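One structure below.
There are 2 protein chains.
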Amino acid sequence: MFEKITIIGMGLIGSSLARAIREHGLATKLVAADTSEEVCEKVRALGIADVATTDIAKSVISSDLVILAVPIGAIKAVAGQICPFLAPNAALTDVCSVKGAVLEAVEPFLPESVDFVPAHPIAGTEHSGPDSGFAELFAGRWCILTPPPSTSIRAVEKVSKFWEGCGAKIEIMEAGHHDLVLAITSHLPHLIAYTIVGTADELEDDIKSEVIKFSASGFRGFTRIAASDPIVWRDVFLNNKESVLEILQRFSEDLAAMQKAIRRGDSQYIESAFTRTRAIRKEITEMGPEGYPSPKQMPRDQQD
Amino acid sequence: MFEKITIIGMGLIGSSLARAIREHGLATKLVAADTSEEVCEKVRALGIADVATTDIAKSVISSDLVILAVPIGAIKAVAGQICPFLAPNAALTDVCSVKGAVLEAVEPFLPESVDFVPAHPIAGTEHSGPDSGFAELFAGRWCILTPPPSTSIRAVEKVSKFWEGCGAKIEIMEAGHHDLVLAITSHLPHLIAYTIVGTADELEDDIKSEVIKFSASGFRGFTRIAASDPIVWRDVFLNNKESVLEILQRFSEDLAAMQKAIRRGDSQYIESAFTRTRAIRKEITEMGPEGYPSPKQMPRDQQD
Chain A
1 MFEKITIIGM GLIGSSLARA IREHGLATKL VAADTSEEVC EKVRALGIAD
51 VATTDIAKSV ISSDLVILAV PIGAIKAVAG QICPFLAPNA ALTDVCSVKG
101 AVLEAVEPFL PESVDFVPAH PIAGTEHSGP DSGFAELFAG RWCILTPPPS
151 TSIRAVEKVS KFWEGCGAKI EIMEAGHHDL VLAITSHLPH LIAYTIVGTA
201 DELEDDIKSE VIKFSASGFR GFTRIAASDP IVWRDVFLNN KESVLEILQR
251 FSEDLAAMQK AIRRGDSQYI ESAFTRTRAI RKEITEMGPE GYPSPKQMPR
301 DQQD
Chain B
305 MFEKITIIGM GLIGSSLARA IREHGLATKL VAADTSEEVC EKVRALGIAD
355 VATTDIAKSV ISSDLVILAV PIGAIKAVAG QICPFLAPNA ALTDVCSVKG
405 AVLEAVEPFL PESVDFVPAH PIAGTEHSGP DSGFAELFAG RWCILTPPPS
455 TSIRAVEKVS KFWEGCGAKI EIMEAGHHDL VLAITSHLPH LIAYTIVGTA
505 DELEDDIKSE VIKFSASGFR GFTRIAASDP IVWRDVFLNN KESVLEILQR
555 FSEDLAAMQK AIRRGDSQYI ESAFTRTRAI RKEITEMGPE GYPSPKQMPR
605 DQQD
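Residue numbers (this note's numbering), protein chains in the order written: chain A, 1 to 304; chain B, 305 to 608.
Quick look at the structure:
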């Protein structure tokens, strides 16, 4: 499908892409680039790319597809380094969870002959680093593309085919709209999980040890989310500030209303609020379990 | 182990107990009681008890173990009905997620010869009703007993053996302490999940449909929790008000601090908060996956 693909950033997503590219034979040559020599050595040991290099700029030379798999906060610096070396007509894509900020960061550096098709594969685990990746991470999962109106259809098709080759299903969306939808489905849940686990962390020691011991009921799932990569998620909140704060505001108001209902013992308010939410779950389960990692791919204790 | 066991309330927990009692041969005779004739008919059709009756009061006659498996809000009324009919030296236990309020509700009705050993099996799914139960629900899970100081050792041992017979591991705790620990491990996570799914439910229709479509990332797990039985959970919050409001207050303060950090772009605060939470996850995963339903017992889409 491609002569040469370069992946920049060999963490969970980058290393999963490398494995998927190999597994599905999507490239003749695969170059892995990472600023960390330690990560490059690990990639060589794992044998998941043909070349592993810390020379980010040169790594993209003559590649027909370049994938930015670094945290959003690093996108601008990386774009500045690689853009002068991009081959004419190369396609450029990324994997960030925020799309408006990525477009803003990359566009000033983009050569005229290169199309940037931002992508967000909705897939991941709470583990980090090249060891944690696996080829099936994208199988059956959505990958949202947010190309700006000036993007060529050819580039969108090229990048779509790549993600489909990794097993993903494609959806095309405007970047700002993506950032609002993801603020509620992903960013706010992560923020809340990080916060509640932090609240527990500050409890007195005897209670804290019991919270850990009896964590099976709800809290355990939150700790899984709150174990996600701190740099990646810090960057999400710094770069999707507006949508996250908007959704967080609505959530805080709803939580305050719930708090008041509990304080006043307003059983009708609570019951009606708790009944309403079952409908959304029903719609979600009716869509089927599609896109979820199978039990085989996921350690048993992550299934909470 | 027991001559006659009566279970009052044949929902998820009651019907799972009935199945576990049968599977492990814990009783010669098993009586199921439920105020709903429809539920009783279902129990008869499922064949998971020897008798199914709507006569709550009479159902406990000559039983050596009686299990209250109704929502906390119904405990007082049920205790009032059954206590005059309890056999001398019968053991009484329950399954509620709040223990202080249960003790208060039951104690005034308790005959002198009967010991009440409150129990909270930390196990459940988001499904309700007699159809949703399964015998393995308690296998490897904690069951917390909160007997008041006046309880006889004999009764505690009897009830412990019953829960161990169902596959659970026993922990003994003071009721108020239980209610505080569970407020953070279970009650607050449920409250937050109900709230965030409610917030999503109020979004504009076009965004809402996409939130459902792309729910795979964090939000989906919250919708599972928010599909739990509304009556059971309404009663939890009405009956563990003090501990829940205390923990909710701490959480709200922490969330407000996070909100401020995002607004100000305080990357150091965010990164340090997100790094800290990994330690708790590490402690939890080091305890092992023990106590979790195996993939076989759990539909695949519930494993998020």
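Cβ coordinates follow ideal geometry from the N, Cα and C atoms, glycine included.
Only a predicted model underlies this, so the values are computations on that prediction, with no experimental measurement involved.
- Residue ranges of uninterrupted alpha helix (DSSP H) with 4 or more members, entirely inside the region 210–279 of chain A and ordered along the chain, are 219–225, 230–239, 241–264.
- Collapsing the DSSP output to three states places His190 (chain A) in a helix.
- Identification of chain B residues near Gly11 (chain A) by a Cβ-Cβ cut-off of 8 Å yields none; the smallest Cβ-Cβ distance measures about 15 Å.
- Note on geometry: alpha-carbon atoms of Lys169 (chain A) and Phe526 (chain B) lie some 23 Å from one another.
- The Cβ atoms of Asp419 (chain B) and Ser367 (chain B) lie no closer than 7 Å to each other.
- DSSP places His424 (chain B) outside any alpha helix (DSSP H); the residue lies instead in the beta strand (DSSP E), whose first and last residues are 423–425.
- Nearest to Pro88 (chain A) by alpha-carbon distance, out of A:Val244, A:Lys76, A:Glu112, is A:Glu112.
- Across the set B:Ala336, B:Phe306, B:Cys387, the C-alpha of B:Ala336 shows the shortest separation from the C-alpha of Gly315 (chain B).
- Each of B:Ile311, B:Lys517, B:Trp467 was checked against the Cα of Val364 (chain B), and the nearest Cα belongs to B:Ile311.
- Annotation note: the region 113–199 of chain A contains the following uninterrupted alpha helix (DSSP H) runs of length 4 or greater, listed N- to C-terminal: 153–165, 175–182.
- The C-alpha of Ala443 (chain B) is placed about 40 Å away from the C-alpha of Glu253 (chain A).
- Assignment of beta-bridge partners to Ile312 (chain B) by DSSP yields B:Ala337, B:Leu372.
- Take the alpha-carbon of Ala200 (chain A) and the one of Val402 (chain B): they are about 19 Å apart.
- Interface residue (Cβ-Cβ distance to chain B less than 7 Å): Ile56 (chain A) is not classified as such.
- Taking all protein chains shown into account, Glu37 (chain A) has fewer than 16 neighbouring C-beta atoms within 10 Å of its C-beta and is therefore exposed.
- Scanning B:Val410, B:Leu396, B:Gly404, B:Thr397 for the CA closest to the CA of Ile379 (chain B) turns up B:Val410.
- Between the alpha carbons of Phe466 (chain B) and Met305 (chain B) lies a distance of about 8 Å.
- Rounded to the nearest angstrom, the Cβ distance from Met562 (chain B) to Ala577 (chain B) is 7 Å, consistent with a contact under 8 Å.
- For Val355 (chain B), the beta-bridge partners assigned by DSSP are B:Val335.
- With a cutoff of 7 Å on beta-carbon distance, Ile67 (chain A) and Thr28 (chain A) are scored as not near each other.
- By the Cβ-count criterion, Glu104 (chain A) is exposed, with fewer than 16 other Cβ atoms from all chains shown falling within 10 Å of its own Cβ.
- At least 7 Å separates the CB of Val43 (chain A) from every CB of chain B.
- Against Phe438 (chain B), chain A offers no close residue; the least beta-carbon distance is about 16 Å (beta-carbon pairs closer than 9 Å).
- Around the beta-carbon of Arg263 (chain A), fewer than 16 other beta-carbon atoms lie within 10 Å, marking it exposed.
- Among the residues of chain A, those whose CB is under 8 Å from the CB of Glu575 (chain B) are Pro230, Ile231, Arg234, following chain order.
- The C-beta of Glu550 (chain B) comes no closer than 7 Å to any C-beta of chain A.
- Contacts with chain B (Cβ-Cβ distance below 8 Å) from the region 140–160 of chain A involve Arg141, Trp142, Ile144, listed in chain order.
- Interface residue (Cβ-Cβ distance to chain B less than 7 Å): Leu137 (chain A) is not classified as such.
- The beta carbon of Arg585 (chain B) falls within 7 Å of a beta carbon belonging to chain A, placing the residue at that interface.
- Excluding the 5 residues flanking it on each side, Val382 (chain B) has same chain C-beta neighbours closer than 7 Å at Ile312, Ile360, Leu372, Val374, in chain order.
- Within 8 Å of the CB of Ser519 (chain B), the CB atoms of chain A belong to Thr185, Ile284, in sequence order along the chain.
- What Ile529 (chain B) touches in chain A, judged by beta-carbon distance under 8 Å, is Gly218, Gly221, going in chain order.
- Using a Cβ distance threshold of 7 Å, Glu157 (chain A) and Ser228 (chain A) do not count as a contacting pair.
- Rounded to the nearest angstrom, the Cβ distance from Ser16 (chain A) to Ala135 (chain A) is 7 Å, consistent with a contact under 8 Å.
- Secondary structure note for Ala395 (chain B): its beta strand (DSSP E) is the uninterrupted segment 395–398.
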